[in-house]
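Remarks on the structure that follows.
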Amino acid sequence: MGVSREFIRNLARDIENAIREVSRIVSKPYDELSDEDKMAIRYELIVIAEALMTLVMHVVRRDLNERPRTPINALMIVRDRGLLTMNEYEDLTKLVRLRNLLVHRYWVIDDYLIYRNIKSDFKSLTSFIDRLRSRYGIQ
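In this text, residue positions in the sequence shown follow our numbering: the first is 1, and each later residue adds one.
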């Protein structure tokens with residue numbers, strides 16, 4: 001069946017736009033963030049994780065011809081096929097789990113902890129996207 005390059009390109013663009021927005025917001029000191037900024041960070045993290053989950057499920061089903069049970073299972077398959085390093089797999093799994101917390105247990109979220117952790121960057125995610133672009137000839 002093959003992957004849809006346009007679909008991957010659009011998801012990658014969504015992820016990159018959301019990363020830029022999160023990076024813009026977290027460039028401020030934490031004590032200067034408004035409640036709207038904190039909610040925007042949460043929203044953009046959900047956008048990033050949703051796009052990642054859709055992307056990895058698409059690749060696993062359409063290129064690797066496997067039927068993952070969950071997005072985390074799809075990440076495992078991609079890791080086992082050499083498209084993710086172990087560190088990238090662990091980082092992306094944490095991102096998917098964070099999305100689940102944000103969506104289903106938002107009242108237990110520590111915004112400062114999220115802020116501190118995302119200040120470090122999205123290197124694993126951007127490396128994975130770059131690898132997919134190279135694999136599928138996407139600019």
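The beta carbon of each residue, even a glycine, is placed where N, CA and C say it ideally should be.
{"Check": "Residue 33: first and last residue of the uninterrupted alpha helix (DSSP H) it sits in", "Outcome": "Taken as a continuous stretch (DSSP letters only), residue 33 belongs to no alpha helix (DSSP H), as it is neither H nor E."}
{"Check": "Local Cβ density within 10 Å of residue 71, reported as buried at 16 or more and exposed below that", "Outcome": "buried"}
{"Check": "First through last residue of the alpha helix (DSSP H) which encompasses residue 75", "Outcome": "71-80"}
{"Check": "Inter-residue spacing [alpha-carbon to alpha-carbon] between residue 57 and residue 104", "Outcome": "21 Å"}
{"Check": "Three-state class that DSSP yields for residue 119 in the structure shown", "Outcome": "coil"}
{"Check": "Presumed contact (8 Å Cβ cut-off) between residue 18 and residue 48, rounded CB distance", "Outcome": "5 Å"}
{"Check": "Cβ neighbours of residue 2 in the same chain (closer than 8 Å, five flanking residues each side left out)", "Outcome": "62 and 63"}
{"Check": "Proximity of residue 26 and residue 118 at Cβ, strictly below 8 Å", "Outcome": "yes"}
{"Check": "Helix, strand or coil at residue 100 [DSSP, three-state]", "Outcome": "helix"}
{"Check": "8 Å Cβ cutoff met for residue 92 and residue 75", "Outcome": "yes"}
{"Check": "For residue 111, the nearest candidate out of 10, 124, 32 and 52 (CA to CA)", "Outcome": "32"}
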